[in-house]
Each structure stands twice: as structure tokens, then as C-alpha cells.
Amino acid sequence: MAIKVGVIGLGNMGGGMAATLARKGFNVSGFDLSEAALSAAEAKGVKPVRDRAALISSVDILILSLPKAQHVEAVCLSAGGIIELGVEGLIVVDTTTSTPEASRRVAAQLKAKGIAFIDAPVSGGPKGAATGTMSMVIGAHEADLARAMPVLENMSGVRIHVGDVGAGNVAKIANNMLAACHLISTAEAISMAAHAGVDPTKLIEGLNAGSGRSGATQVMFPTWVLNKAYDSGFTMGLMRKDVGLAKDLSDAMDLDLPLSRKVAELWKDSSETLADDEDFCAIVQRTNAKLYGRGE
Ligand code: NAD
49 MAIKVGVIGL GNMGGGMAAT LARKGFNVSG FDLSEAALSA AEAKGVKPVR
99 DRAALISSVD ILILSLPKAQ HVEAVCLSAG GIIELGVEGL IVVDTTTSTP
149 EASRRVAAQL KAKGIAFIDA PVSGGPKGAA TGTMSMVIGA HEADLARAMP
199 VLENMSGVRI HVGDVGAGNV AKIANNMLAA CHLISTAEAI SMAAHAGVDP
249 TKLIEGLNAG SGRSGATQVM FPTWVLNKAY DSGFTMGLMR KDVGLAKDLS
299 DAMDLDLPLS RKVAELWKDS SETLADDEDF CAIVQRTNAK LYGRGE
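My numbering puts the sequence shown at residues 49 to 344.
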């Protein structure tokens with residue numbers, strides 16, 4: 049019998065994940081608060097379910113792709129949520145970039161009901177979700193991960209099991225702290241080289257052949273910045289959330305990380321000129337508006 053998969057949150061990432069699994073032959077149902085997201089998923093082979101309770105109580109595995117930890121806690125632990133309606137043996141795979149504390153809290157409460165919870169935040173953007181090539185950093189008990197694997201293998205290209213529940217979000221927060229830093233440091237390097245007479249496209253080629261390369265030089269600048277497309281499908285608001293999560297995590301442990309502190313400050317201050325629905329790559333415009341502005 050085909051595994052019954054439910055997806056809650058059919059946005060830029062969840063919509064692509066649901067469509068990928070439907071294309072690969074899974075029986076996929078989805079729920080979202082947005083009618084537009086439900087219709088878009090339906091057009092890609094996902095059964096839209098408008099009654100969240102009906103979805104939760106009828107699936108073998110439930111994938112969450114929600115904006116923040118607070119949405120995950122609400123969907124999992126509130127009245128009429130997974131804790132009340134999930135069947136015993138259900139596996140919840142949370143792909144939201146959330147917090148380790150929320151993951152551990154939710155996992156502990158669901159476990160008491162015989163429901164497993166895995167945190168498996170992702171990288172690779174909407175394209176990675178829609179093609180099943182994204183990567184996952186996973187926090188899970190071995191046995192739960194083994195049970196979820198037939199579905200995870202079909203929705204991602206790379207899976208790194210980094211530890212027990214919560215560890216996936218620690219790894220994802222560390223990853224996005226670096227990505228947030230690399231976007232700004234690369235913008236500064238390109239701006240410096242442009243002032244010194246080197247063309248940005250040529251510089252990127254040079255950086256990618258050298259030790260300064262990163263996701264910013266290999267993907268973000270060539271795909272979304274230098275062509276001024278700014279259409280990555282990842283918003284400024286969500287990246288500011290992730291940078292805030294990194295600051296909260298290091299502050300909670302009283303760590304002195306001066307560069308990360310400065311990066312967090314730059315992203316926080318960027319709300320003065322960049323709205324939450326802007327593309328996250330637009331942060332580079334604060335380094336050099338003339339070089340990176342859309343109108344140039
Ligand atoms: P999104 O805003 O496009 O999608 C989120 C969806 O969740 C929306 O359709 C919204 O209507 C729905 N939603 C919100 N609250 C809900 C609720 N209570 N019940 C049901 N649906 C609800 O966001 P996204 O870009 O898809 O990101 C989802 C998560 O993945 C975030 O945590 C983000 O940080 C992370 N992420 C995003 C990317 C990316 O490139 N977009 C990459 C990696 C990780």
C-alpha cells in the first residue's frame with residue numbers, strides 16, 4: 049500500500065516537496081491556510097485538504113514546512129493539532145528552520161502519544177524542493193530516521209544525520225549564519241575589486257577557482273545578484289529570522305562571537321530599507337547600492 053504523506057505548509061518549499069513526492073508516486077495530501085497555495089499544489093498532483101484535522105488523522109507521515117518555530121509548536125501541540133489527532137506510529141518530519149528547543153519540546157510531548165518527531169531543516173531553495181535535490185541536516189533517533197527514510201530519500205538529494213532531535217536545527221542555524229555572513233562579505237569583496245577596476249563577473253570566476261569561494265560566490269551572486277534578478281524564493285524576513293536564531297543560540301550560551309554579532313546587527317538594521325517580502329539577496333544593496341541596485 050502506498051505510504052500516505054501529508055504536508056502542512058505548501059509555500060515556496062513545502063509546495064515543491066509535496067509536488068516532488070506526488071510525482072514520485074506517493075499518495076500526497078496537503079494543507080495550508082492560503083487558498084492560493086492549496087490550488088497551486090493541486091495543479092501539481094497534491095490532494096488539497098481544507099480540514100486540517102482530517103489530514104492529520106489520515107496519514108502515515110506528516111511533513112511540516114512552516115515559517116517559524118511558533119507555527120510548528122501550534123500545529124503540533126495546540127487543541128486539534130497533531131498531539132490530539134495524530135495516529136499512534138505517525139512520524140512528523142519538520143523541515144521548518146526552527147529552534148532546537150522547540151524541536152525537543154515538541155518531540156518529548158509527541159513521544160508520550162506514540163508519535164515520532166524529526167527535525168530535518170533543508171537547503172537548496174524552492175528549486176531544490178521542486179526537484180527533490182535539496183539537502184537535509186537531520187536531528188533524530190536512529191530508529192525514527194530509518195522509518196522516515198523511504199520518504200526522505202525521495203524528497204532530498206543529500207541527508208546528513210547530525211545528532212538527536214534538535215541537532216538538525218542547530219546545524220541549519222549555523223549554516224544560515226555563515227550564508228548571511230558570506231552574502232555581505234562577498235558583496236564587500238566584489239565592491240572593493242570593482243572600485244579597483246575588476247569586473248564582478250570575472251572576479252566571481254576567480255573567487256570560485258580560489259579559497260574565497262562559498263555558496264554566495266557559487267550560487268547566490270551568479271544566480272540572483274549579478275543579473276539583478278533577486279528571485280531566489282527565500283525572503284528577507286525569513287533570513288532575518290534565521291540570523292536572529294543564531295544570535296539567540298549564541299547569546300543563550302554566553303558566547304563571544306564578534307563577527308557573528310556584527311552580521312546579526314547588519315541584518316537587523318536592514319529592516320530600515322528592506323521589507324520582509326524582499327529577496328534575501330537584496331542585503332547586498334546596503335553594501336553598494338549603485339553596483340547591486342535593481343535599476344543600474
Ligand atoms: P513560505 O512563506 O513560502 O511558506 C510557508 C507556508 O506556510 C505559507 O504558504 C503559509 O500560508 C503556510 N502557513 C503558515 N502558517 C500556517 C499554519 N499554521 N498552518 C498551515 N499553513 C501555514 O515560506 P518558505 O520559503 O516555504 O519557508 C518555509 C520554511 O523553510 C521556513 O522556516 C524557511 O526559513 C525554511 N527555508 C526556506 C528556504 C527558501 O529558499 N525559501 C530554504 C531553506 C529553508
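Quick reminder that beta carbons are idealized off the backbone N, C-alpha and C, glycines included.
Val-154 is positioned such that its CB atom lies closer than 8 Å to that of Glu-121.
Inside the segment 134–162, DSSP marks whole alpha helix (DSSP H) runs of 4 or more residues at positions 148–159, from first to last along the chain. For Phe-165, the Cβ stays outside the 7 Å cut-off from all heavy atoms of the ligand NAD.
If you draw a straight line from the Cα of Ala-194 to the Cα of Ser-298, it comes to about 31 Å.
With a cutoff of 7 Å, Phe-269 does not count as near the ligand NAD, since its C-beta is closer than that to no heavy atom of the ligand.
Secondary structure of Lys-52 (DSSP, three-state): strand.
As summarised for the segment 162–244, the continuous beta strand (DSSP E) elements at least 3 residues long and confined to that stretch are 164–167, 183–187 and 206–211, given in chain order. The beta-carbon separation of Ala-117 and Ala-150, rounded to 4 Å, stays under the 8 Å limit for a contact. The three-state secondary structure of Val-273, taken from DSSP, is helix. Residue pairing by DSSP puts Phe-79 in a beta bridge opposite Ile-56. About 5 Å separates the CB atoms of Val-185 and Gly-216; that is less than 8 Å, so the two are in contact. The Cβ neighbour count for Ser-204, taken over all protein chains shown within 10 Å, is at least 16; the residue is labelled buried. If you draw a straight line from the Cα of Leu-286 to the Cα of Ala-277, it is about 19 Å long. With a threshold of 16 other beta carbon atoms within 10 Å, Arg-98 falls short and is exposed.
In this structure, Val-213 is the residue among Leu-114, Glu-320 and Val-213 with its C-alpha nearest to the C-alpha of His-189.
Pairing Thr-265 with Asn-275 gives a Cβ-Cβ distance that is not under 8 Å. For Lys-220, the closest C-alpha among the options Ala-242, Val-311, Asp-290 and Gly-281 is that of Asp-290. Between Ala-242 and Leu-314 a beta carbon distance of about 20 Å is seen, past the 8 Å cut, so the two are scored as non-contacting.
The beta carbon of Ala-122 sits closer than 7 Å to at least one heavy atom of the ligand NAD.
Take Pro-270, set aside five residues on each side of it, and the residues of its chain with a beta-carbon closer than 7 Å to its own are Ile-252, in chain order. Put simply, the backbone Cα of Thr-335 is about 11 Å away from that of Ser-318.
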